[in-house]
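Accompanying notes for the structure given below.
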Amino acid sequence: MEQLIFGKNKDRFYMGESEDKALAEVTFKKHKDNIIILDHTYVNRSLRGRGMGKILVDRVVSYARENNLKIIPTCPFAKDIMEMSKVYADVLMSDATLQEVKDVACPL
């Protein structure tokens with residue numbers, strides 16, 4: 601395997617040899633002007649157990665901070681990570697806001 605790179609396209613951060621050969625990814629979409637929905641994380645078996653999913657969630661958090669955005673995590677993995685630590689409190693939207701997003705789910 602070649603060296604892993606981090607990249608970003610419109611609504612996705614990925615890690616792998618290239619964008620087309622991503623071994624891990626996190627996806628999000630714009631909900632409102634200042635809110636994004638973090639809806640999916642994936643890590644290939646070959647990279648699991650190394651914290652790659654959390655690294656990618658942290659990339660989205662950094663992106664949100666840089667762009668003055670809030671995050672609604674609908675993906676269970678991302679939601680667990682963000683709710684377990686106060687480090688994410690500045691970008692994490694409350695469960696009350698999540699009520700507005702009833703039609704958004706974490707894809708399998």
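In our numbering, each residue's number is its place in the sequence shown (first place is 1) plus 600. Positions of the beta carbon are idealized from the N, C-alpha and C atoms, including for glycine.
- In the three-state reduction of the DSSP assignment, LEU692 falls in the strand class.
- Taking 8 angstroms as the cut-off, the Cβ atoms of ASP611 and LYS629 count as close.
- With 16 or more neighbouring CB atoms inside 10 Å of its own CB, ALA664 falls in the buried class.
- Per DSSP, PRO676 has no beta-bridge partner at all.
- In the structure shown, LEU638 falls within a strand segment according to DSSP collapsed to helix, strand and coil.
- For LYS654, the enclosing alpha helix (DSSP H) starts and ends at 652-666.
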